[in-house]
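Residue numbers (the working numbering), protein chains in the order written: chain A, 1 to 386; chain B, 1001 to 1123; chain C, 2001 to 2251.
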């Protein structure tokens, strides 16, 4: 089936070249980081995780979109997703690969990565994160490839794949839960030390993942001349709406707990996040954008008429992505570290190399999505033409 | 054969690629056993020469775990009937004090690049 | 035949078991030993006497430690600290109030607390940081992958990461040859001078402190640290977190 990836229009090849250029620049920046160490980043003694780990956190969420189609389709026999499911699974493959790359570029000694396997440590959540991320990657490659191959031969998927499909549902939940537990179990980081971490990860994941999927589906409609189906997109839009409401609700719950209890250790992080402390206000500007974007998206999506208009739906999905990306990709990590254990307030603004490496990894992710979707859509077109 | 024009060049490229180490080293100097400068004041190392030649890297690897993690500090040498600190710098390099004329000569000849001295300080 | 083979396997098995428990009995005489001078304790603890500390002594302690361990001085926020000065309020913000005029901005010494229940050890994915039986929390620089989970896990900010190659900031002529430098990309912190303790010496900061820092076995009722903790009032950093820190501050 892979041969479908090497036959494409000029536009397809130009797009791949653009992505390769971005990847090349990112790789160059990574070579610089390997040479000079993480000193090329804006990370420091107090804010020891930043842009890279934040992208891991955000993208683990995006990888969930597949399961939001697997559940309706396999547990509730909702057939509208049958044509599109493969796209969700392939997107999960690409995002999980990005997640793993973001872990690797964050390491000070990446060549020792294998130590995690040589000295398995069940008490470390990072060990479990490695297990669940790799497991989810494997499941999605396996399920995606086997079902697509079966469809191409115009037979039903083999029976042995069913248990893997059912397994992928709790497994998708586990990747968010375990990633949230990276933070939620640390004493002394009051911003993260809350039981609502995993639920709010799941909520924002089920909003961001399907929102990105809707946008990419629209792109496919334009560039690949293939329509994933109106009903599928409308179902996804409903999922985004519910998940977005839950995500905003959980943020509200967290803010209430901190603001009403007025416990300084909790409250200070939220003050820093939304108002800034001691003149460090850079992050708060973004956080207001995030909140306004999230609330506006919800107000738009609540009305079925808006969801049914493609343009408005696409706009709302962009707002959802902006909101969740700022919240996970910028706010969550920095605000967990600031104020520091010594009550100091700092600003974290990623450096050029850090941003280039991040863009490079996004380039790899989009390259994988493009190639895999080319294959998936090529096969679907072939089936539907006959 | 179908597609012979693609398969045969492909096979040639593959064969060239797999034999890269051989033709890359064509014309390079033949391997000669490096000459090491041994410490003058001592006759024996803590274990036999054969053992040290074959096993010194494993010994150091064990030492670092024993010293750093398991709380052992010394190595009793049956050969010398004496205890030595389990330490690259305090024991090994106390006698073999010239890294360039001892460690490096073999390591260079066999193209290995141990990272011991990234942290441990040579005398 | 069958019987003798079974017997042979049995004997070989016992021998292997015996050898693994006590290799010296099997004739493998060369091997690791513990130093005779080694100081032993059930639970090492440190007591810092704020009455006896002053700026000069603190600087001496810091210098002794950082020189002994080849800790580089890096002039930005990607720096390395094993033991350093921090205002009282920053260390004990949950145990102070606005009218502590004198103490509030007073500098105190701080270092790794060598917790009994250390979060850094719990979160490390490779056991590169670990607790010894005598309570010292150590780093294995050979194994650290530089993920910095331990830095997020430590509630005391006691850990530093080598963002740079530390040798760039160290003078080659002033290196302490008995202790390694670190390489780029690993985490480091105070080790209660385990390497000195194992050779029968006291930690460097204790030696330099002119009696302001005590170090001893908390489980020994006759030790200096136990006695002074019974007699005088002391503080711990963030005791409510349950990490059970083992650096006590006499007030």
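Backbone N, C-alpha and C fix where the C-beta goes; we use that ideal spot for every residue, glycine too.
Measuring alpha carbon to alpha carbon, tell me which residue in the options is nearest residue i.
{"i": "residue 2037 (chain C)", "options": "C:2195, C:2211, C:2218", "result": "C:2195"}
{"i": "residue 2189 (chain C)", "options": "C:2062, C:2111, C:2092", "result": "C:2111"}
{"i": "residue 1102 (chain B)", "options": "B:1085, B:1017, B:1053, B:1008", "result": "B:1053"}
{"i": "residue 2054 (chain C)", "options": "C:2224, C:2227, C:2213", "result": "C:2213"}
{"i": "residue 242 (chain A)", "options": "A:303, A:267, A:255, A:194", "result": "A:303"}
{"i": "residue 2031 (chain C)", "options": "B:1083, B:1098, B:1025", "result": "B:1083"}
{"i": "residue 81 (chain A)", "options": "A:70, A:91, A:90", "result": "A:70"}
{"i": "residue 358 (chain A)", "options": "A:324, A:105, A:97, A:44", "result": "A:105"}
{"i": "residue 1121 (chain B)", "options": "B:1087, B:1110, B:1106, B:1108", "result": "B:1087"}
{"i": "residue 1038 (chain B)", "options": "B:1106, B:1115, B:1018, B:1017", "result": "B:1106"}
{"i": "residue 56 (chain A)", "options": "A:47, A:180, A:118, A:41", "result": "A:180"}
{"i": "residue 2236 (chain C)", "options": "C:2064, C:2141, C:2155", "result": "C:2155"}
{"i": "residue 1036 (chain B)", "options": "B:1111, B:1075, B:1119, B:1099", "result": "B:1099"}
Is the Cβ of residue i closer than 8 Å to any Cβ of chain B?
{"i": "residue 2185 (chain C)", "result": "no"}
{"i": "residue 2001 (chain C)", "result": "Annotation note: pLDDT 41 at residue 2001 (chain C) (below 50); position unreliable, no value reported."}
{"i": "residue 2072 (chain C)", "result": "no"}
{"i": "residue 2175 (chain C)", "result": "yes"}
{"i": "residue 2182 (chain C)", "result": "yes"}
{"i": "residue 2040 (chain C)", "result": "no"}
Assuming contact is defined by CB atoms lying nearer than 8 Å, are residue i and residue j in contact in what I supplied?
{"i": "residue 250 (chain A)", "j": "residue 290 (chain A)", "result": "no"}
{"i": "residue 2166 (chain C)", "j": "residue 2080 (chain C)", "result": "yes"}
{"i": "residue 2150 (chain C)", "j": "residue 2129 (chain C)", "result": "yes"}
{"i": "residue 108 (chain A)", "j": "residue 2146 (chain C)", "result": "yes"}
{"i": "residue 339 (chain A)", "j": "residue 272 (chain A)", "result": "yes"}
{"i": "residue 87 (chain A)", "j": "residue 126 (chain A)", "result": "no"}
{"i": "residue 2124 (chain C)", "j": "residue 347 (chain A)", "result": "no"}
{"i": "residue 2107 (chain C)", "j": "residue 2058 (chain C)", "result": "yes"}
{"i": "residue 2034 (chain C)", "j": "residue 1071 (chain B)", "result": "yes"}
{"i": "residue 2048 (chain C)", "j": "residue 2175 (chain C)", "result": "no"}
{"i": "residue 1 (chain A)", "j": "residue 148 (chain A)", "result": "yes"}
{"i": "residue 98 (chain A)", "j": "residue 362 (chain A)", "result": "yes"}
{"i": "residue 356 (chain A)", "j": "residue 61 (chain A)", "result": "no"}
{"i": "residue 2143 (chain C)", "j": "residue 2161 (chain C)", "result": "no"}
{"i": "residue 334 (chain A)", "j": "residue 42 (chain A)", "result": "no"}
Comparing the C-beta of residue i with each C-beta of chain A, is any distance below 8 Å?
{"i": "residue 2241 (chain C)", "result": "yes"}
{"i": "residue 2026 (chain C)", "result": "Unreliable positioning characterises residue 2026 (chain C) in this predicted model, as indicated by a pLDDT of 44, which lies under 50. A coordinate reading is not provided."}
{"i": "residue 2246 (chain C)", "result": "no"}
{"i": "residue 2120 (chain C)", "result": "no"}
{"i": "residue 2125 (chain C)", "result": "yes"}
{"i": "residue 2077 (chain C)", "result": "yes"}
{"i": "residue 2108 (chain C)", "result": "no"}
{"i": "residue 2202 (chain C)", "result": "no"}
With 8 Å set as the bound, which would you pick, yes or no: does the beta-carbon of residue i sit closer than that to a beta-carbon of chain C?
{"i": "residue 127 (chain A)", "result": "yes"}
{"i": "residue 340 (chain A)", "result": "yes"}
{"i": "residue 1120 (chain B)", "result": "yes"}
{"i": "residue 1096 (chain B)", "result": "no"}
{"i": "residue 49 (chain A)", "result": "yes"}
{"i": "residue 1123 (chain B)", "result": "yes"}
{"i": "residue 1048 (chain B)", "result": "no"}
{"i": "residue 109 (chain A)", "result": "yes"}
{"i": "residue 1006 (chain B)", "result": "no"}
{"i": "residue 1086 (chain B)", "result": "yes"}
Could you check whether the Cβ of residue i sits closer than 7 Å to any heavy atom belonging to the ligand SAM?
{"i": "residue 2067 (chain C)", "result": "This structure simply doesn't include the ligand SAM, nor any ligand for that matter."}
Subject >> Members of the segment 2057-2069 of chain C near chain B, C-beta cut-off 8 Å >> reply: Listed by position along the chain: nothing, the set is empty.
Original post:
Relative to chain C, which residues along the segment 343-358 of chain A have a C-beta separation below 9 Å, given in chain order?
Top reply: Of all residues in the segment 343-358 of chain A, only 343, 344, 346 come within less than 9 Å of chain C when Cβ atoms are compared, listed by chain position.
Original post:
Listed in chain order, which residues of the segment 2127-2147 of chain C have Cβ atoms closer than 8 Å to some Cβ of chain B?
Top reply: Cβ contacts with chain B come from 2130, 2132, 2133, 2138, 2140, 2141, 2142.
**OP:** Pull out every residue of the segment 1064-1079 of chain B whose Cβ sits closer than 9 Å to any Cβ of chain C, in chain order.
**Re:** Residues of the segment 1064-1079 of chain B with a C-beta less than 9 Å from any C-beta of chain C: 1064, 1065, 1066, 1067, 1068, 1069, 1070, 1071, 1072, 1073, 1074, 1075, 1076, 1077, 1078, 1079, listed in chain order.
Subject >> Three CB pairs or more closer than 8 Å across the segment 153-164 of chain A and the segment 2177-2184 of chain C >> reply: The segment 153-164 of chain A makes no contact with the segment 2177-2184 of chain C; the number of CB pairs closer than 8 Å stays below 3.
**OP:** Compile a chain-ordered list of the residues in the segment 182-216 of chain A whose CB is closer than 9 Å to at least one CB of chain C.
**Re:** Correct list: 182, 183, 185, 186, 187, 188, 189, 192.
**OP:** State whether the segment 30-37 of chain A contacts the segment 297-315 of chain A, with contact taken as three or more CB pairs (one from each stretch) at a distance under 8 Å.
**Re:** These segments do not touch.
**OP:** Please determine if the segment 1062-1080 of chain B and the segment 1020-1027 of chain B are in contact, where contact requires at least 3 C-beta pairs separated by less than 8 Å.
**Re:** No: fewer than three Cβ pairs fall under 8 Å.
Original post:
Just by C-beta distance, which residues in the segment 8-38 of chain A are closer than 7 Å to chain C?
Top reply: Across the segment 8-38 of chain A, CB contacts with chain C closer than 7 Å involve 37, 38, in sequence order along the chain.
Original post:
Along the segment 227-241 of chain A, what residues have a CB closer than 9 Å to any CB found in chain C?
Top reply: Listed in sequence order: no entries.
Subject >> At least three beta-carbon pairs within less than 8 Å, the segment 14-28 of chain A to the segment 365-378 of chain A >> reply: At 8 Å Cβ cutoff, the stretches touch.
Subject >> Interface positions of the segment 2149-2170 of chain C facing chain B (Cβ-Cβ less than 8 Å), listed along the chain >> reply: For the segment 2149-2170 of chain C, which is checked against every Cβ of chain B, not one residue is closer than 8 Å.
Subject >> Cβ pair count under 8 Å reaching 3, the segment 2065-2072 of chain C against the segment 2226-2234 of chain C >> reply: At 8 Å Cβ cutoff, the stretches do not touch.
**OP:** Using a Cβ-Cβ cut-off of less than 7 Å, list which residues of the segment 1024-1043 of chain B approach chain C; keep chain order.
**Re:** Within the segment 1024-1043 of chain B, no residue has a Cβ that lies closer than 7 Å to any Cβ of chain C.
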